[in-house]
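Residue numbers (my numbering): 3 to 235. A quick write-up on the structure given underneath.
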């Protein structure tokens, strides 16, 4: 059997795409990256995924091709097919990991990520490609910036009681949270200094070798703040 070749369709400001990249790096799995515009999916992406969204992982091996979509589905596939676990060793640990992944993919996304990414990033990026959809809504941005504070408090509460978010070991819960927060940090909207426990957790997370690719992301015409790639903030 030949070695598998992986290709990930992604966008650097998509939290789910970042989670998959982090999981693959934690597993030591190399992949080629294909950039997609979330607001204008390519025909190739539409053919691979009926939802026409990212991330999508294509696995080529022995002349065949397997296509996987949805960040959590991809990450759980990687966990089942590669050494080590990012879900947890016991049913209780796996349930807690999945609960927290759901927290970030639903609650955090609805209250923070979707609002800030949509208003501050996607409107600007679409504008660079000639699509006009108005100026960023300052009221929406203020609401998201207020909402993030409760989530950072919760991360601090968890890490006072555990080594990582779901327990003593790093799990997909940390990678899901890191995927979302790293995008918001790229936008410069995480008030780290007001939440030292969350900041300490994130410093440990972004110091891991798996985070190097994420910290190297750079969108032309849309640079991150100076502290973004600084491991010591």
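Glycine included, C-beta positions come from ideal geometry on N, C-alpha and C.
- If you draw a straight line from the Cα of residue 228 to the Cα of residue 220, it comes to about 12 Å.
- When rounded, the separation of the alpha-carbon atoms in residue 86 and residue 29 is 8 Å.
- Cβ atoms of residue 125 and residue 143 stay farther apart than 8 Å, at about 11 Å.
- By the criterion of at least three beta-carbon pairs nearer than 8 Å, the stretch 148-163 is not in contact with the stretch 77-93.
- The beta carbon of residue 20 sits closer than 7 Å to those of 181, 184, 185, 216, all from its chain and outside the five residues before and after it, given in chain order.
- The alpha carbon of residue 203 has as its nearest neighbour, out of 225, 172, 53, 223, the alpha carbon of 172.
- In the structure shown, residue 12 adopts extended strand secondary structure according to DSSP, grouped into three states.
- In this structure, residue 211 lies away from residue 150, with their beta-carbon atoms at least 9 Å apart.
- In this structure, DSSP gives residue 185 a helical state, which the three-state scheme calls helix.
- DSSP places residue 106 within a helical segment (H, G or I) once states are collapsed to three.
- Taking 9 Å as the cut-off, the Cβ atoms of residue 13 and residue 22 do not count as close.
- In this model, residue 191 and residue 32 are separated by some 30 Å (Cα to Cα).
- With fewer than 16 other CB atoms across the displayed protein chains lying within 10 angstroms of its CB, residue 94 is exposed.
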